[in-house]
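In my numbering, the protein residues as written are 1 to 262.
Inspection log for the structure reproduced underneath, given as structure tokens.
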Ligand code: F6R
């Protein structure tokens with residue numbers, strides 16, 4: 001796992017956007033795995049800027065989102081489909097027919113999960129998956145104790161996640177306690193993973209993920225098994241890591257190596 005520690009959330013978004021830009025420039029029909037929540041918003045803004053400046057096109061891109069609330073239709077302002085349209089898809093040239101978000105109001109959610117898995121497989125698999133991390137170490141909505149081999153499925157949200165996400169809902173508004181999420185096994189099949197984490201509320205989870213044991217108690221720790229993960233942190237999210245100096249040293253050495261090769 002490559003651990004990159006930057007000074008603030010803006011630098012994290014800039015770094016993350018540059019990974020996406022390189023990916024889409026190298027493969028115009030990339031299959032992108034996308035996330036919602038607060039963390040990726042700045043990154044999406046930067047991708048919109050890249051598109052508007054004429055530097056990048058998403059015409060051939062296919063995307064799959066990690067998760068969706070169960071019980072919300074795609075036109076509900078709190079749904080993740082709505083979020084993706086409002087934060088990214090409405091402002092770039094992606095073909096919305098090629099943007100997939102699990103269906104929160106499917107008549108049969110279980111077969112919707114199977115169809116989602118099939119659609120990912122038929123697309124050739126995810127080239128680059130963006131992840132955030134929950135305070136409890138969740139990825140997607142794979143809460144602690146999720147099977148590390150799980151596939152797309154219906155998942156109950158923990159009280160902690162419901163409380164964390166309550167900030168997006170108005171007082172008294174229906175807030176789902178179930179979701180459909182890509183499984184951990186599904187996420188692990190992505191060719192490359194980019195996780196962003198910012199702010200001190202993520203410091204404990206980041207520490208457990210990077211320097212703790214591989215355990216379903218911290219689902220994100222499973223990324224220790226993946227061959228190509230970039231974890232990009234601001235200094236607050238990195239503040240509890242024991243080996244910060246080592247990660248910074250490795251990054252400097254990597255930069256020197258790349259300068260020598262290219
Ligand atoms: C969102 C998702 C979640 C979030 C995580 C962090 O699609 O899958 O795992 O990435 O809850 O959320 P924020 O970024 O709001 O702190």
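Heads up, the beta-carbon is just placed ideally off N, CA and C, and yes, glycines get one too.
Quiz item: Taking Cβ to Cβ, would you say residue 128 is nearer than 8 Å to residue 227?
Solution: No, the Cβ-Cβ distance between residue 128 and residue 227 is not below 8 Å.
Quiz prompt | Distance, residue 209 Cα to residue 139 Cα | solution = Residue 139 and residue 209 have their C-alpha atoms spaced approximately 11 Å apart.
Exercise. Rank 224, 257, 262 and 258 by C-alpha distance to the C-alpha of residue 2 and give the top, closest one.
Key: The shortest Cα separation from residue 2 among 224, 257, 262 and 258 belongs to 224.
Self-check item: Status (buried if at least 16 other CB within 10 Å, exposed otherwise) for residue 102
Solution: It is buried - the Cβ of residue 102 has at least 16 other Cβ atoms within 10 Å.
Self-check item: Inter-stretch contact at 8 Å, needing at least 3 Cβ pairs: the stretch 43-60 / the stretch 141-157
Solution: No, they do not touch.
Self-check item: residue 23 in three-state terms, based on DSSP
Solution: Residue state for residue 23 is assigned as helix, using DSSP reduced to three classes.
Quiz item: Do residue 232 and residue 196 have their C-beta atoms closer together than 8 Å?
Solution: Yes, the pair counts as a contact, with Cβ atoms nearer than the cut-off.
Exercise. Consider the C-beta atom of residue 249 and the heavy atoms of ligand 1; say whether any pair is separated by less than 7 Å.
Key: No, since every heavy atom of ligand 1 falls outside the 7 Å radius drawn around the Cβ of residue 249.
Exercise. Would you mind giving the Cβ-Cβ distance between residue 36 and residue 80, rounded to the nearest angstrom? I have them listed as a contact below 8 Å.
Key: Contact flag correct, Cβ pair sits at about 5 Å.
Quiz prompt | Cβ pair count under 8 Å reaching 3, the stretch 102-112 against the stretch 62-78 | solution = Taking 8 Å as the limit for Cβ pairs, the verdict is that the stretch 62-78 does touch the stretch 102-112.
Exercise. Along the beta strand (DSSP E) that carries residue 32, what are the first and last residues, could you check?
Key: Where residue 32 is concerned, the enclosing beta strand (DSSP E) stretches over 31-34.
Quiz item: How far does the alpha helix (DSSP H) with residue 110 in it reach, from first residue to last?
Solution: Element bounds for residue 110: 109-122.
Quiz item: When the Cα atoms are used, what is the spatial distance from residue 198 to residue 153?
Solution: For residue 198 and residue 153, the distance between alpha carbons rounds to 28 Å.
Quiz item: With respect to 7 Å, is the separation between the Cβ of residue 141 and the closest non-hydrogen atom of ligand 1 below this value?
Solution: Yes - ligand 1 has a heavy atom lying nearer than 7 Å to the Cβ of residue 141.
Quiz item: Since residue 52 is in the alpha helix (DSSP H), which residue starts that stretch and which ends it?
Solution: 41-52 is the extent of the alpha helix (DSSP H) around residue 52.
Exercise. Kindly give me the distance between the Cβ atoms of residue 205 and residue 135, rounded to whole angstroms, as I take these residues to be in contact under 8 Å.
Key: About 6 Å separates the two Cβ atoms, so the contact holds.
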